[in-house]
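Residue numbers (my numbering): 867 to 1005.
All C-beta atoms, glycine included, are put in the ideal place defined by N, C-alpha and C.
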Amino acid sequence: FFLFIVYLSNACAVGIGQGLAAIAPDITFASSFAPVVYMTFAVLAGYLLPQSLIPIYWKVLLYYANPISWAFRAILLNEWQPYLDGATPPPYLDYRSELRTLGLENQSRWTSVYVLVGIYAGARLVTYVFQRFLKYAHN
């Protein structure tokens, strides 16, 4: 499951990168703008700044539409899945409070997979539309 999530999040990142390249008017703008987008995604993914501390105006676009945050959720829920299924956790691990802090107490790892697939499909669709219909004309 871990390798599948890594592959899927990588595919989403490539799709978003290709979408940004399709939107950009030239390669200089694309290569300057892509790191800004990816670093913003990395900072607001939920492990540097928990979901509860992210301002609401950033949550919609930069947290819920962020493939890094969904991959983080899936991997975290996968690691704690045995304890969610009833296995006895070590005495030092308070996984329920960690899940509550991160806002993941009622989520499934498969929800994250479905959202990652949707982000991938959306990024590919945006790339197709921009390359097919709105690409800048060059002489």
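Give the secondary structure of residue i by DSSP, where H, G and I count as helix, E and B as strand, and everything else as coil.
i     : result
Q997  : helix
I920  : coil
Y958  : coil
Y913  : coil
S978  : helix
F867  : coil
G1006 : The structure shown does not extend to residue 1006, since the chain spans only 867 to 1005, so no value can be given for it.
E964  : helix
A908  : helix
N972  : coil
G885  : helix
A989  : helix
A879  : helix
N1005 : With a pLDDT of 44 at N1005, under the threshold of 50, the modelled position of this residue cannot be trusted, and the question is left open.
P891  : coil
A896  : helix
(request) Output the residue ranges of the beta strand (DSSP E) runs that lie fully inside the region 926-950 and measure 3 residues or longer, sorted by chain position. (result) none
(message) Quick test of the definition: if touching needs 3 or more C-beta pairs under 8 Å, does the region 905-913 touch the region 943-960?
(response) no
(message) For the region 891-900 against the region 867-879, do three or more pairs of beta-carbon atoms, one drawn from each stretch, fall closer than 8 Å, so that the two count as touching?
(response) no
(message) Would you call the region 947-956 in contact with the region 982-992, where contact means no fewer than 3 C-beta pairs closer than 8 Å?
(response) no
(message) I'd like to know if the region 927-938 and the region 968-983 are in contact, where contact means that at least 3 CB-CB pairs between them fall below 8 Å.
(response) yes
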